[in-house]
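Chemist:
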Amino acid sequence: MIAGVRVSGWEHNSAVLIAVAAGEQGSGTLQRLHADGTPAGRPETVGDLAAAVAARERADGSRWIWSSTPALYPPLLRRGVRVARCHDLQLTEALLLGYHGRWGEPRALAAIHARRHGLPVPADPAPADPVPPGSGPIQAALFDDLAEPPEEIAVVVEAYADQLARIADVAEAGRFRLLVALESAGALAAAEMGHHGLPWDAAAHDAVLRELLGEPTPGGGPPRRLVELRERITEAFGGARLNPESPADVLRAFSRAGIVLPSTRAHVLRGVDHPAAPLIVEYKELYRLWTSHGWSWRAQWVRDGRFRPEYVAGGVVSGRWATRGGGALQIPKAVRRAVVADPGWTLVVADAGQLEPRVLAAVAGDGRLAAAAATGDLYAALATDAFGGDRAAAKVAMLGAMYGQTGGDAVPALAALQAKYPVAWEYVQAAARTGEGGGLVRSWLGRTCPPAGGGPTSGAQARARGRFTRNFVIQATAAEWALALLAGVRTRLAATSAQLVFFQHDEVVVHAPADEADEVAEAVRAAGEQAGRLLFGDTQVRFPLDVSVVRCYADAK
DNA sequence: AGTTTCATATGG
DNA sequence: CTCGCCATATGAAACT
183 MIAGVRVSGW
193 EHNSAVLIAV
203 AAGEQGSGTL
213 QRLHADGTPA
223 GRPETVGDLA
233 AAVAARERAD
243 GSRWIWSSTP
253 ALYPPLLRRG
263 VRVARCHDLQ
273 LTEALLLGYH
283 GRWGEPRALA
293 AIHARRHGLP
303 VPADPAPADP
313 VPPGSGPIQA
323 ALFDDLAEPP
333 EEIAVVVEAY
343 ADQLARIADV
353 AEAGRFRLLV
363 ALESAGALAA
373 AEMGHHGLPW
383 DAAAHDAVLR
393 ELLGEPTPGG
403 GPPRRLVELR
413 ERITEAFGGA
423 RLNPESPADV
433 LRAFSRAGIV
443 LPSTRAHVLR
453 GVDHPAAPLI
463 VEYKELYRLW
473 TSHGWSWRAQ
483 WVRDGRFRPE
493 YVAGGVVSGR
503 WATRGGGALQ
513 IPKAVRRAVV
523 ADPGWTLVVA
533 DAGQLEPRVL
543 AAVAGDGRLA
553 AAAATGDLYA
563 ALATDAFGGD
573 RAAAKVAMLG
583 AMYGQTGGDA
593 VPALAALQAK
603 YPVAWEYVQA
613 AARTGEGGGL
623 VRSWLGRTCP
633 PAGGGPTSGA
643 QARARGRFTR
653 NFVIQATAAE
663 WALALLAGVR
673 TRLAATSAQL
683 VFFQHDEVVV
693 HAPADEADEV
703 AEAVRAAGEQ
713 AGRLLFGDTQ
723 VRFPLDVSVV
733 RCYADAK
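Just so we're aligned, residue 183 is where the first sequence starts under this note's numbering, counting upward by one.
Pasting the structure below:
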């Protein structure tokens with residue numbers, strides 16, 4: 183039993199349970215449930231599902247049980263209806279199937295529906311292609327897929343009862359319940375963030391682009407600075423034309439100049455003594471900016487002062503989020519200048535520092551490492567404790583241990599880490615051994631890694647698998663901590679005008695009226711404090727948040 | 001011509 | 001005897 187169970191929160195609450203199924207044209211069916219998942223009364227069909235949900239949300243503080251948050255929630259948000267809690271059957275099903283090593287099997291809803299109708303069990307649908315805002319009715323398409331016969335509410339009810347029973351069967355049911363609640367809360371937050379969008383100042387974005395790239399070309403061709411650079415690169419090679427974006431062209435041109443290179447990577451080119459080398463590095467950097475986050479990107483993804491990516495909660499095997507289209511989780515630092523709060527509003531930016539080594543300290547139960555993780559700078563504490571004050575060496579060793587590095591400059595530091603923190607060392611070693619031997623590992627709350635691909639495994643593949651499982655136990659648990667932070671922030675913001683607008687692995691951004699900024703910053707800090715207790719109970723490991731209140735994302739520390 | 005893989009960048 | 005984890009996105013190169 184973990185301490186989280188004692189904390190009033192998600193896993194044991196008195197929320198009214200209501201199963202919901204969407205019908206056609208905004209209608210739907212509701213079914214009250216007892217705490218054990220059995221029906222309470224008869225299902226009720228309503229013509230206006232959004233209105234019915236809003237009414238019960240106000241009255242009850244309900245937990246909504248539905249098939250898929252990304253399918254059902256956005257239409258409610260467009261009607262201005264926000265819900266506090268849900269149970270997402272598809273996300274939960276994926277967690278449960280994974281727990282039993284049964285990846286790739288059909289979703290519960292589809293399987294139950296098929297069985298009730300005597301139909302063959304359908305395969306999972308292929309993921310949708312990225313759809314920029316305004317260019318396609320992706321949500322309508324999802325609704326079409328879900329337009330089930332009227333008894334679909336019975337499928338929802340049956341699937342929920344089935345999942346409750348299976349959750350109760352897992353070894354650490356309390357932790358797993360928390361995982362399910364957090365995953366579902368994350369799905370709500372993802373839909374809300376996609377709905378609200380990230381404040382995007384087109385003029386500021388334009389200023390960044392013009393400063394770095396020069397004037398845009400009217401026809402949409404390469405901007406002035408790129409054209410100039412390309413000419414100077416040609417000159418530097420004595421007039422021979424080449425495409426600086428083509429690794430083969432670049433290698434050939436240097437070869438003709440008597441310089442043989444292993445690759446055209448930036449760090450290789452930086453060490454080359456030739457006038458073209460720095461020009462190519464600059465060209466490649468600017469070219470990426472132009473193609474990935476330039477003017478045409480903005481035309482495609484930014485509308486009405488908001489960048490609205492489609493977040494995919496649980497889209498990564500480790501539990502981290504993915505996005506479909508727009509590259510929301512890879513916004514270059516320079517482009518963050520374009521993320522600006524509305525007039526009279528601010529951005530509250532919170533970043534969890536050194537999250538993964540702190541997670542290792544907590545899950546491994548290594549007292550000496552936990553003591554280092556009780557400080558504000560874990561690497562500095564490590565350096566004092568075991569690395570003769572060399573903070574850089576401490577950091578390299580810690581990262582190497584978590585990623586499975588075995589060679590290179592880090593070897594002596596790794597040995598020092600093993601000697602001083604044997605309990606933590608053994609924790610990641612055990613995870614690696616399990617993976618190398620073909621076994622599965624789990625996060626702290628019970629998310630299970632996917633099995634290795636089929637076929638015979640070479641020694642190299644087994645070691646790669648070991649590095650994956652070694653890292654999984656940490657990365658997946660860090661993702662759980664971040665979900666707990668996100669869910670806590672979301673709950674605390676419900677009473678304010680502020681909105682969650684961005685979430686990137688270990689960082690959240692809240693868009694808040696300026697006069698609520700202090701209150702929001704305090705709420706974020708409180709959520710951070712609670713996240714650690716919720717997962718790990720009474721540990722001395724701290725998970726400090728760096729909180730900034732800024733107008734512009736680029737100004738956050 | 002369309003699809004897949006490679007190389008290289010971005011983020012954590 | 002190579003060997004550091006998880007991703008997305010782009011264009012070039014290779015493939016069907």
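Backbone N, C-alpha and C define an ideal beta-carbon position, used for all residues, glycine too.
1. Would you mind reading off the limits of the beta strand (DSSP E) that contains residue 684?
2. Please list the segments of the alpha helix (DSSP H) lying wholly inside the stretch 197-255, counting only runs of 4 or more residues, in order along the chain.
3. Does residue 280 pass the burial test, meaning 16 or more other C-beta atoms within 10 Å, or should it be called exposed?
4. To the nearest angstrom, how far is the alpha carbon of residue 318 from that of residue 531?
5. Would you be able to state if there are at least three C-beta pairs under 8 Å between the stretch 571-586 and the stretch 625-636?
6. For residue 624, which three-state DSSP category applies?
7. Got a sec, what are the start and stop residues for the beta strand (DSSP E) residue 567 sits in?
8. For residue 693, list the residues DSSP reports as bridge partners.
9. Three-state secondary structure (DSSP) at residue 488?
10. When the Cα of residue 731 is compared with those of 703, 440, 369, 710, which residue comes out closest?
11. Straight-line CA distance for residue 693 to residue 655?
12. So, is residue 301 buried or exposed, given that buried needs 16 or more other C-beta atoms within 10 angstroms?
13. Since I believe residue 724 is in contact with residue 556 (beta carbons under 8 Å), could you give me their beta-carbon distance rounded to a whole number of angstroms?
14. For residue 351, name the three-state secondary structure that DSSP assigns.
15. Leaving aside the five residues before and after residue 209 along the sequence, list all residues of the same chain whose C-beta is less than 8 Å from its C-beta, in chain order.
16. Whole angstroms are fine: how far does the CA of residue 651 sit from the CA of residue 201?
17. Let me know the secondary structure DSSP gives residue 381 once reduced to three states.
18. Which of the three DSSP states, helix, strand or coil, is assigned to residue 317?
19. Quick one: measure Cβ to Cβ for residue 375 and residue 683, integer angstroms, because I've assumed they're closer than 8 Å.
20. Start and end of the beta strand (DSSP E) containing residue 409?
21. Helix, strand or coil for residue 592 per DSSP?
22. Does the stretch 584-597 come into contact with the stretch 661-676, if we say contact requires no fewer than three beta-carbon pairs (one atom in each stretch) closer than 8 Å?
23. With H, G and I counted as helix, E and B as strand and the rest as coil, what does DSSP make of residue 500?
24. Between 487, 549, 503, which has its C-alpha nearest residue 525's C-alpha?
25. Report yes if the C-beta distance between residue 695 and residue 479 is below 7 Å; otherwise report no.
26. Excluding the 5 residues flanking residue 431 on each side, which residues of the same chain have their C-beta closer than 6 Å to its C-beta?
27. Going by C-alpha distance, which of 709, 496, 558 is nearest residue 366?
Modeler: Reading off the structure:
1. Element bounds for residue 684: 681-685.
2. Secondary structure remark: continuous alpha helix (DSSP H) runs of at least 4 residues inside the stretch 197-255, in chain order: 231-242.
3. Residue 280 comes out buried.
4. Caution applies to residue 318, whose pLDDT of 35 falls short of 50 and renders its modelled position unreliable; the value that the coordinates give is listed next. Whole-angstrom Cα-Cα distance: 32 Å.
5. Inter-segment contact for the stretch 625-636 and the stretch 571-586 is absent: fewer than three beta-carbon pairs are separated by less than 8 Å.
6. Residue 624 falls in the strand class under three-state DSSP.
7. For residue 567, there is no enclosing beta strand (DSSP E); the enclosing alpha helix (DSSP H) covers residues 560-568.
8. Answer by DSSP bridge pairing, in chain order: 529, 681.
9. Residue state, collapsed to three classes: strand.
10. Checking every option, the nearest Cα to that of residue 731 belongs to 703.
11. Those two C-alpha atoms are separated by around 32 Å.
12. In this structure residue 301 is exposed. Its beta-carbon is surrounded by fewer than 16 other beta-carbon atoms within 10 angstroms.
13. With a beta-carbon spacing of about 6 Å, residue 556 and residue 724 fall inside the 8 Å limit used to define contacts.
14. Three-state DSSP puts residue 351 in a helix.
15. Cβ within range, chain order: 227, 228, 229, 230, 231.
16. In this model, residue 201 and residue 651 are separated by some 36 Å (Cα to Cα).
17. In this structure, residue 381 counts as strand in the three-state DSSP scheme.
18. Below a pLDDT of 50, predicted positions are generally treated as unreliable, and residue 317, at 41, falls in that range; the measurement from the model is reported next regardless. DSSP places residue 317 in coil when its eight states are reduced to three.
19. The C-beta separation of residue 375 from residue 683 comes to about 6 Å, placing the pair in contact by the 8 Å criterion.
20. It is not in any beta strand (DSSP E) - residue 409 instead sits in the alpha helix (DSSP H) that spans 406-418.
21. DSSP places residue 592 in helix when its eight states are reduced to three.
22. No, the stretch 584-597 does not touch the stretch 661-676.
23. For residue 500, the three-state secondary structure derived from DSSP is coil.
24. For the residues 487, 549, 503, the minimum Cα distance to residue 525 belongs to 487.
25. At least 7 Å separates the beta-carbon of residue 695 from that of residue 479.
26. Take residue 431, set aside five residues on each side of it, and the residues of its chain with a beta-carbon closer than 6 Å to its own are 424, 425, in chain order.
27. Selected option, being the one with the closest Cα: 496.
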